Amino acid sequence: MENIKRNHSKCSLIHLSSLGTNCALKDFSNVSTKNLGQNGYYKLPDGLLIQWGTGGTGVNQIVYFPTSFYNTSYVVVTTAISSVMNSIVKMINGKNVSYFKVYSVGPTIEAGEMFGWIAIGRWK
173 MENIKRNHSK CSLIHLSSLG TNCALKDFSN VSTKNLGQNG YYKLPDGLLI
223 QWGTGGTGVN QIVYFPTSFY NTSYVVVTTA ISSVMNSIVK MINGKNVSYF
273 KVYSVGPTIE AGEMFGWIAI GRWK
């Protein structure tokens with residue numbers, strides 16, 4: 173028991189456990205998969221997947237994820253990147269495990285500004 177108390181912060185419990193449990197470091201560096209690029213993702217060990225990126229200009233677009241989701245129960249949030257002071261809506265009008273579709277609308281016309289997005293869902 174003394175060995176467990178003394179070494180638990182260094183993750184040495186995995187050698188003493190008969191259950192085969194693993195120990196994750198505080199920053200998840202030993203159990204996560206990630207790509208921290210402009211269009212990237214972060215997979216957490218419990219199955220949570222966070223992805224982000226930017227979309228180009230155009231009224232109707234398909235945005236492909238850096239990695240696929242487990243199902244289509246993910247949520248996508250978008251924001252227009254524009255220097256024009258207009259209300260621009262990026263409506264999600266289709267979802268797949270590998271991509272989502274975006275339709276852009278301005279106050280009186282279709283709009284095609286660049287946009288940023290973030291999606292949260294499951295990878296397993």
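Note that this note's numbering has the sequence shown beginning at 173, numbered continuously upward.
Ideal Cβ placement from N, Cα and C applies to all residues, glycine included.
Predicted, not measured: the structure shown is a model, and the values here were computed from it.
Give me the Cα-Cα distance between residue i and residue j, rounded to the nearest whole angstrom.
| i | j | result |
| --- | --- | --- |
| G288 | V249 | 8 angstroms |
| V269 | I260 | 26 angstroms |
| Q223 | A291 | 5 angstroms |
| T205 | S245 | 21 angstroms |
| F308 | G293 | Here the chain has residues from 173 to 296 only, and residue 308 is not among them. |
| I234 | N207 | 21 angstroms |
| V247 | G212 | 16 angstroms |
| N243 | L197 | 28 angstroms |
| N265 | Y236 | 14 angstroms |
| F272 | C195 | 35 angstroms |
Please classify residue i: is it buried, with 16 or more other beta-carbons within 10 angstroms of its beta-carbon, or exposed?
| i | result |
| --- | --- |
| G209 | exposed |
| S276 | buried |
| K296 | exposed |
| V274 | buried |
Taking C-alpha atoms, which residue in the options lies nearest to residue i?
| i | options | result |
| --- | --- | --- |
| V256 | G225, G278 and C195 | G278 |
| I281 | I264, N258 and G266 | N258 |
- Inter-stretch contact (C-beta, 8 angstroms, three-pair minimum) for the stretch 273-287 and the stretch 221-230: yes
- Task: Evaluate the contact criterion for the stretch 249-267 versus the stretch 212-224: three or more CB pairs, one atom per stretch, below 8 angstroms.
- Result: no
- Counting only runs of 3+ residues fully inside the stretch 204-242, write out the beta strand (DSSP E) ranges in chain order. 205-207, 212-215, 220-227 and 232-236
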